[in-house]
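Q:
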Amino acid sequence: MITRREMLGAAATVGGAAFLGGVNEVGASRALADDQGDLVKANVGRTSDNAKPLPPGEPGRDYTPIFTPNGVTLEYRLIDGVKVFHLTAGEIEHEFAPGLKAHLWGYNGRSPGPTIEAVEGDRLRIYITNNLSAPTTVHWHGIRVPNGMDGVNGLTQEPIPTGATFKYEFAVPDAGTFMYHPHFDEMTQQAMGLMGMFVVHPRQRQKAPADRDYAIMLSEWRIIPGTFRPVTTEMLDFNIFTMNSKVFPATQPLVAKIGERIRVRLANLCAMDHHPIHLHGFQMVLAETDGGIIPESARYAMNTVLVPVGSTRAVEFVADNPGDWVMHCHMTHHTMNQMGHDIPNLIGANLKGLSTRVRPLVPGYMTMGQNGMGEMADMRMPMPANTIAMLGGKGPFGTIDMGGMFTMIKVRDQITGYDDPGDYRHPPGTVAVAATPEELNRDGITTK
Ligand SMILES: [Cu+2]
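Under this note's numbering, think of the first position of the sequence shown as 128, with each following residue one higher.
#1: Would DSSP call V485 helix, strand or coil?
#2: Here's the rule I'm using: 16 or more other beta-carbon atoms within 10 Å means buried, otherwise exposed. How should G556 be labelled?
#3: Just checking my contact of A414 with I404 at CB under 8 angstroms: how many whole Å lie between their CB atoms?
#4: By how many angstroms is the C-alpha of V374 removed from the C-alpha of T574?
#5: What's the gap between the Cα of L481 and the Cα of L488?
#6: Would the beta-carbon of I219 fall within 8 angstroms of that of G233?
#7: Could you check if L406 is buried or exposed, using at least 16 other CB atoms within 10 Å of its CB as the buried criterion?
#8: At which residue ranges does the segment 300 to 365 contain complete beta strand (DSSP E) runs of 3 or more residues, listed in the order of the chain?
#9: Give every residue of the same chain whose Cβ lies closer than 8 angstroms to the Cβ of K210, excluding the five residues on either side of it in the sequence, and list them in chain order.
#10: Less than 8 angstroms between the beta carbons of M510 and M370, yes or no?
#11: What's the gap between the Cα of G187 and the Cα of I193?
#12: For a minimum of 3 consecutive residues, which ranges assigned as the beta strand (DSSP E) are wholly contained in the segment 508 to 541?
#13: Rounded to whole angstroms, what is the Cα-Cα separation between K384 and T543?
#14: Return helix, strand or coil for M370, following the three-state DSSP convention.
#15: Just to confirm my understanding: we take I474, look at its own chain, exclude 5 residues before and 5 after, and list those with CB closer than 8 angstroms. What are they?
#16: Do F368 and ligand 1 come close, with the Cβ less than 7 angstroms from some heavy atom?
#17: Using the beta-carbon of each residue, find all residues closer than 5 angstroms to any heavy atom of ligand 1 and list them in chain order.
#18: Between the Cα of K537 and the Cα atoms of G530, F524, T526 and Y551, which residue gives the shortest distance?
#19: Cα separation between A342 and R392?
#20: Note down the Cα distance separating K168 from T416, rounded to an integer number of angstroms.
#21: Which residue comes first and which comes last in the beta strand (DSSP E) that contains P403?
#22: Which of the three DSSP states, helix, strand or coil, is assigned to A398?
#23: State buried or exposed for M454, treating a residue as buried only when at least 16 other CB atoms are found within 10 Å of its CB.
#24: I need the straight-line Cα distance from Q284 to H402, nearest angstrom please.
#25: Looking only at its chain, what residues have a beta carbon closer than 8 angstroms to the beta carbon of S438, apart from the 5 residues adjacent to it on each side?
#26: For N280, which of helix, strand or coil comes out of DSSP?
#27: Nearest-angstrom Cα distance between R486 and D364?
#28: Starting from N257, follow the beta strand (DSSP E) in both directions and report where the run begins and ends.
#29: Quick check on G419: does DSSP put it in helix, strand or coil?
#30: When we look at the beta-carbon of R484 and count the other beta-carbons within 10 Å, is it buried (16 or more) or exposed?
#31: Buried or exposed: which applies to E423, given that a residue is buried once 16 or more other Cβ atoms fall within 10 Å of its Cβ?
#32: Pull up the DSSP beta-bridge partners for L413, would you.
#33: In angstroms, rounded to a whole number, what distance separates the CA positions of G275 and L381?
#34: Over the uninterrupted alpha helix (DSSP H) stretch that includes R569, give me the two end residues.
#35: Measuring only the C-alpha atoms, how far is L345 from I572?
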């Protein structure tokens with residue numbers, strides 16, 4: 128009888144013969160596996176079986192393709208058993224939401240760049256054409272590649288000059304949620320938008336594969352109201368927090384049919400901020416870190432998942448609760464857009480007559496903030512061109528006073544596709560409403 132290990136080994140010998148970029152350190156990773164605890168052994172031991180190239184995995188047969196909200200997946204061509212991709216870095220015009228555009232740098236005309244998808248053991252050749260005014264490189268963040276394919280300027284390769292096309296070639300030994308970004312002047316190039324997600328599916332179908340598999344890149348920007356370029360030297364005062372480079376209400380909702388198993392892969396290439404991403408309506412389990420897939424027995428429940436800078440996390444849940452559920456960063460400033468912070472707290476202050484007295488000095492002056500910021504979602508204040516309101520999307524009950532890193536998961540019965548199904552229609556009697564005097568009386572509630 129032939130074991131799986133022997134079978135894969137045989138396939139690798141056939142597939143790997145003509146391939147230069149095969150992953151080299153099968154032996155090393157096996158040794159590592161032997162030295163580690165059970166969890167790591169389970170992961171590394173398993174994936175090192177696949178560290179040599181295998182025949183190309185096929186979408187549909189070997190994996191459920193990723194859906195990138197507001198984004199796309201990178202197409203490939205199969206040449207002699209190798210998946211061939213092409214990325215082009217260049218200046219792009221990007222819209223964060225209607226009303227706010229910026230000149231960014233991106234891959235293939237977008238930021239984040241297209242999501243790259245592969246299957247454990249796939250052999251890849253990725254061309255990168257540099258149409259930027261600066262040199263660049265691409266680092267395959269989290270993927271165990273041969274050293275010379277790691278994309279670190281000066282250390283593992285020369286920078287890719289303007290106008291040149293470089294070639295990266297490697298096999299992907301581990302399943303997981305990874306990223307790609309420049310490793311040349313990272314501070315500038317990532318702040319300008321050069322980043323993307325890179326998902327490697329397991330070679331063997333998982334016991335409970337996701338019905339819908341979503342990928343979201345988290346990023347942060349500073350764009351001074353009225354300007355068109357991110358401040359790439361910003362360290363602290365970011366004012367645009369994005370999911371796949373969009374702010375709410377431009378974030379495309381994640382749609383699920385009732386009962387489907389949903390996976391959400393989150394990646395963070397912000398300069399400075401970690402993001403606790405909170406999901407309403409469900410308990411999710413942590414299914415992957417950037418170290419790979421977590422064995423079923425080691426997964427644990429949560430409903431806020433912290434995604435640190437330079438990391439990825441994948442969470443899973445069963446969409447068994449119909450409705451429009453929000454998923455957002457729980458850092459409250461990260462769900463605001465282009466907010467000014469240098470303002471005093473006026474909550475509770477007596478500002479009667481202040482506007483009338485200031486207006487002769489500052490035409491159009493308006494006193495705001497006596498009751499917090501919620502009212503500002505509806506206020507139409509004069510703003511510089513190319514600036515968006517701090518917050519505000521339309522909901523069935525009025526204005527949703529959120530912005531930034533905020534999206535929705537729309538779970539529905541009886542939908543046939545995954546287009547935005549519109550607002551949820553709540554069954555009668557299931558929405559919070561004003562209590563009647565009879566109800567207050569019945570339950571002994573006094574309000575004065
Ligand atoms: Cu955040």
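Don't be surprised by glycine CBs; every beta carbon is placed ideally from N, CA and C.
A: Quick look at the numbers:
#1: Helix.
#2: exposed
#3: Between I404 and A414 the Cβ distance is about 14 angstroms, and since that is not below 8 angstroms, they are no contact.
#4: 39 angstroms
#5: 12 angstroms
#6: yes
#7: It counts as buried.
#8: 303 to 308, 323 to 328 and 339 to 348
#9: P183, Y203, R204, A245, D249, R250, L251 and R252
#10: It is not a contact, given that the beta carbons lie outside the stated cut-off.
#11: 11 angstroms
#12: Listed in chain order, they are 520 to 522, 525 to 527 and 533 to 539.
#13: 8 angstroms
#14: Judged by DSSP in its simplified three-state form, M370 adopts strand.
#15: Same-chain partners within the cutoff: G496, Q497, N498 and G499.
#16: yes
#17: H402, C456, M458 and H461
#18: When only C-alpha atoms are compared, the closest one is Y551.
#19: 5 angstroms
#20: Summary for K168: the model assigns pLDDT 38, below 50, so the residue's position carries little reliability, and this model does not support an answer.
#21: H402 to L406
#22: coil
#23: Here M454 is buried. Its C-beta has 16 or more other C-beta atoms within 10 Å.
#24: Our two residues, Q284 and H402, have alpha carbons roughly 32 angstroms apart in a direct line.
#25: A394, N395, T416 and D417
#26: N280 falls in the strand class under three-state DSSP.
#27: 30 angstroms
#28: R250 to N257
#29: strand
#30: exposed
#31: exposed
#32: V442
#33: Answer to the nearest angstrom: the Cα atoms are 38 angstroms apart.
#34: P564 to R569
#35: 45 angstroms
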